[in-house]
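Those letters in the sequence shown? Residues -4 to 369, per this note's numbering, in order. For every residue, glycine included, the Cβ atom is placed at its ideal position computed from N, Cα and C.
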Amino acid sequence: MQHLDEGTLQAWLDGARSGLDPSRLATIDRHLAACTACASRADALARSSFRAHGLLAVGRAQYAPRVPYEDVAKRARGSRTLEGSRTRRVAATWAASIVGALAVGWMSNDLSRADAAAGVETVEVASVPAAAAPPPTAIAQSPSAASASLGAPSSEPASAPATVVRGLVEDEGGRPVPAAQVYVAELAVGVLTRQDGRYDLMLPAEPDSFELTVQRIGFRQQARAISGGEGDYVDADFRLREEALALDEIVVTGESDGPVTSTRATPFVWRPLSSIAAEGYVGSDLWMLPGLDVLTIEVALGDNSNEMHVARVRQGLGDGTTLTLVQGRTDGRRTRWPIQSAGVVQSTWRGEMLITATAPVSADSLRTLLTLLR
-4 MQHLDEGTLQ AWLDGARSGL DPSRLATIDR HLAACTACAS RADALARSSF RAHGLLAVGR
56 AQYAPRVPYE DVAKRARGSR TLEGSRTRRV AATWAASIVG ALAVGWMSND LSRADAAAGV
116 ETVEVASVPA AAAPPPTAIA QSPSAASASL GAPSSEPASA PATVVRGLVE DEGGRPVPAA
176 QVYVAELAVG VLTRQDGRYD LMLPAEPDSF ELTVQRIGFR QQARAISGGE GDYVDADFRL
236 REEALALDEI VVTGESDGPV TSTRATPFVW RPLSSIAAEG YVGSDLWMLP GLDVLTIEVA
296 LGDNSNEMHV ARVRQGLGDG TTLTLVQGRT DGRRTRWPIQ SAGVVQSTWR GEMLITATAP
356 VSADSLRTLL TLLR
């Protein structure tokens, strides 16, 4: 007796949706009733289809519904009816199983039609017991793969490290030492202790023995041999001793550039003043004297514009000596000053000499005054 291939069985499970006519379905029914091997394969295929649907629905195989072959056969022939809420639940389960199995059936039919069109002979697989029959590769998935496809977290635990070393790092007084370096040099792995001084270091499977080193600035370094096997938890506590850091003597050296002689940039110039008019510019020659810094301030009083010249003398009577020359307008023998004498006094800097020359000033008097300041 020729056995049915997997595509035909899947199409029979799909029923009217597979596109088979009623006569073909009836022929398959008679064959399954007579052939125990094909019936077992149909039972295994039905269970695999429902198990795969259960994985896609809830992400765990132990929650998948398992419908026996007899129920599937009765539903395909339309000989079984259910009433009430049980009917609705079974109908919903049947519709969900069809969605999962329909894709496999269509794929099998397409492949079978393509092989037939190409002239490829279909080889039937010998029957095997249902318990030993492997599930179809088209829908067999691992729980982790099905969960990942729906974005659900994987139910399989992550592989544990070979060895986990944990412990506490303290000083001699029993206080935790945070930020201490705990490492294995030959494996190039390490961690820092937390604020409470504890640490957890995960190590690979090999080697099974290694040297664990702990160090911290201000403490003496310690090392200890550790051995552990796969999945072991090894406790390793350390108590560090404080160690003073001795620095070498710090020597600061410097070299001198040698003595430097300061020379006057502007040579001394003596220029006699012939005469100065009553309303002349008495401060014009101050710019020609070396060592004097002249600041000109313009003071506006009504329609008159006047100037006050301030010259700082660097040498002569002493550093910081200030010469103030006030130029104003004269009306006959009376002189009108742009600022009052009190204003001049208020501009005097503390600790310095203020010399005020009240215009008009003769040339000899100005020459004598400048010579004195020099």
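Count the other C-beta atoms from every protein chain shown that fall within 10 angstroms of the C-beta of residue 1, then say buried if there are 16 or more, exposed otherwise.
Burial call: buried.
Which of helix, strand or coil DSSP assigns to residue 191:
Collapsing the DSSP output to three states places residue 191 in coil.
Contact set for residue 166: own chain, Cβ-Cβ below 6 Å, skip 5 residues either direction
Within the same chain, residue 166 has close Cβ partners 172 and 235.
Can you tell which of 4, 22, 21 and 24 has its C-alpha closest to the C-alpha of residue 36?
Nearest C-alpha to residue 36: 4.
Would the region 203 to 223 and the region 243 to 255 be scored as touching if the rule is three or more Cβ pairs under 8 Å?
Verdict: no, contact absent.
Nearest-angstrom Cα distance between residue 143 and residue 199?
Confidence at residue 143 is low in this model, with a pLDDT of 38, below 50, so its placement is unreliable and the value that follows should be read with caution. Roughly 27 Å between the two C-alpha positions.
Spatial neighbours of residue 161 within its chain, please: C-beta separation below 8 Å, excluding the five flanking residues on both sides.
Within the same chain, residue 161 has close Cβ partners 193, 194, 195, 196, 228, 229, 230 and 231.
Beta-carbon separation of residue 210 and residue 175 under 8 Å?
Cβ distance < 8 Å, so residue 210 and residue 175 count as in contact.
Determine the direct distance from the alpha carbon of residue 25 to that of residue 7, and round the result to whole angstroms.
Going from the Cα of residue 7 to the Cα of residue 25 covers about 12 Å.
Pairwise C-alpha distance: residue 189 and residue 178:
In this structure, the alpha-carbon of residue 178 lies about 14 Å from that of residue 189.
CB-CB under 6 Å to residue 186, same chain, minus the five flanking residues each way: which ones, in chain order?
Around residue 186: 177, 194 and 196.
Starting from the Cα of residue 204, find the closest Cα among 180, 191, 215 and 216 and give me that residue.
The residue with the shortest Cα to Cα distance from residue 204 is 180.
CA-CA distance, residue 17 and residue 88?
Roughly 24 Å between the two C-alpha positions.
Beta strand (DSSP E) containing residue 4: first to last residue?
According to the DSSP assignment, residue 4 belongs to no beta strand (DSSP E) but to the alpha helix (DSSP H) extending over 1 to 9.
For residue 256, list the residues DSSP reports as bridge partners.
In the DSSP output, where bridge partners are listed per residue, residue 256 has none listed.
Residue 20 versus residue 28 - alpha carbon distance:
The straight-line gap from Cα to Cα measures roughly 12 Å.
Does the beta-carbon of residue 92 have 16 or more other beta-carbons within 10 angstroms, so that it is buried, or is it exposed?
Burial is judged here by how many other beta carbons sit within 10 angstroms of a residue's own beta carbon; residue 92 has at least 16 and is buried.
Have a look at residue 251 and residue 191 and give me their C-alpha separation to the nearest angstrom.
Near 55 Å, if we compare the C-alpha coordinates of residue 191 and residue 251.
CA-to-CA distance, residue 163 to residue 233, given in whole angstroms:
In this structure, the straight-line span from the alpha carbon of residue 233 to that of residue 163 is close to 6 Å.
Helix, strand or coil: how does DSSP classify residue 251 here?
Here residue 251 sits in coil by DSSP.
Determine the closest residue to residue 214 out of 239, 208, 207 and 202, with distance taken between C-alpha atoms.
When only C-alpha atoms are compared, the closest one is 239.
Nonlocal neighbours in the same chain, by C-beta distance under 8 Å from residue 237, ignoring five residues either side
Only 166, 167, 213, 214 and 215 meet the Cβ criterion.
Taking the DSSP output, what are the residues bridged to residue 212?
DSSP lists no partner for residue 212.
Exposure of residue 241, with buried meaning 16 or more beta-carbon neighbours within 10 Å:
An exposed status is given to residue 241, since fewer than 16 other beta-carbon atoms sit within 10 Å of its beta-carbon.
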